[in-house]
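To start, the structure under review is shown below, and the notes come after it.
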Amino acid sequence: MATDLFNLSGKVAIVTGANTGIGQGIAVALAQAGADVVAVGRSSMDETQAQIEALGRRCYPLKADLSQAKVAGEVIAQARQAAGRVDILVNNAGIIRRADSIDFTEEDWDAVMDTNLKTVFFLCQAMARQLLADGHSGKIINIASLLSFQGGIRVPSYTASKSGMAGMTRTLANEWAAKGIAVNAIAPGYLATNNTDALRADETRSREILGRIPAGRWGVPSDIGGAAVFLASPASDYVHGTTIAVDGGWLGR
Ligand code: NDP
């Protein structure tokens with residue numbers, strides 16, 4: 001039946017950075033589709049937990065600072081222990097540092113690459129190992145960016161991390177598709193979240209961006225939820241290694 005295509009009942013999704021912004025939007029959308037959620041991050045998950053529980057789904061908050069890749073194995077193991085199983089991993093947590101490339105520091109380079117790419121790789125690896133050990137299929141969704149496809153300005157490490165993520169997603173899909181593990185990515189366009197506070201505060205830049213979005217508005221976190229449900233559900237079983245833009249038409253302009 002068509003409705004079963006998007007049904008996540010009985011599935012458990014791990015969502016990193018689920019306390020706010022896009023991560024929260026995705027966590028709630030997956031819960032609406034029937035999944036229980038392990039909400040991973042360093043801040044309080046109270047708000048997200050309340051929204052998920054109001055939908056009649058379970059939410060397991062899990063504290064973790066993802067700036068260091070060594071926590072990856074522990075995060076997946078603890079999620080599995082708390083929820084009893086894991087089926088879906090959404091690597092959403094990410095940071096951005098802005099500075100002219102001529103002045104960009106090693107610290108800003110490493111901080112972004114570690115959180116946005118290195119930890120994400122090891123979370124993918126730990127999740128794949130868990131799925132293989134448990135003997136069932138799974139879905140991994142990496143939250144990339146328009147800067148997976150385009151060069152940005154004053155964000156060299158962010159652009160490198162998100163382009164790297166799109167490439168890494170293809171490699172993992174090549175290796176794991178036949179093992180029943182689908183790895184894909186979503187590239188959100190310009191969304192109104194903490195991540196873009198600085199951009200939206202700059203009136204000229206903000207107007208410039210808005211003028212280039214064919215949909216005529218900034219995105220909101222729930223705009224990403226539908227793509228996440230698709231990639232988490234049986235509806236996308238033949239989709240592997242791709243990065244889906246959800247950008248109000250930005251890339252086609
Ligand atoms: P937010 O800044 O609102 O959210 C970022 C999330 O990542 C927060 O939950 C944050 O937790 C978490 N996070 C950051 N560092 C760590 C860490 N060391 N350990 C644990 N959690 C951490 O931004 P968005 O919701 O916009 O961003 C979510 C993802 O979407 C990011 O990967 C971003 O790059 C991507 N994206 C965003 C776009 C946009 O226009 N907004 C466009 C394209 C991609 P905490 O609250 O504790 O800091």
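Heads up: the sequence shown runs through residues 1 to 253, numbered per UniProt numbering.
C-beta: ideal position from N, C-alpha, C; glycine also.
If we call anything under 8 Å between Cβ atoms a contact, is S233 one with L5?
yes
Using the beta-carbon count (16 or more within 10 Å), is K162 buried or exposed?
buried
Which word fits Y190, buried or exposed, when buried means at least 16 other C-beta atoms lie within 10 angstroms of its C-beta?
buried
For A166 and L55, the rounded distance between their alpha carbons
Each residue's alpha carbon lies about 32 Å from the other.
Skipping 5 residues on each side, what residues in its chain have a beta carbon closer than 8 Å to that of N7?
A33, G34, S233, P234
DSSP puts I143 in a beta bridge; with which residues?
Secondary-structure assignment with DSSP links I143 through a beta bridge to I186.
Neighbour-count burial assignment, P214, 16 or more Cβ in a 10 Å radius
exposed
Do G90 and V38 have their CB atoms nearer than 8 Å?
In the sequence as displayed, the identity of residue 90 is Val instead of Gly. Contact: no.
Is R207 near the ligand NDP, in the sense that its beta carbon is under 7 Å from a heavy atom of that ligand?
R207 Cβ: outside cutoff for every heavy atom of the ligand NDP.
Just verifying my parser: in three-state terms, what is the DSSP assignment at T242?
For T242, the secondary structure class from DSSP, reduced to helix, strand or coil, is coil.
Please state whether the Cβ-Cβ distance between V112 and I95 is less than 8 Å.
yes
Count the other CB atoms, across all protein chains shown, that sit within 10 Å of the CB of Y60; report buried if there are 16 or more and exposed otherwise.
buried
Could you tell me how far apart the beta carbons of residue 306 and P188 are, in whole angstroms, since I believe they sit closer than 8 Å?
Examination of residue 306 is not possible in this model, given that the chain is present from 1 through 253 alone.
Could you tell me which of D65, I88, S157, G135 sits nearest to D103, measuring between CA atoms?
S157
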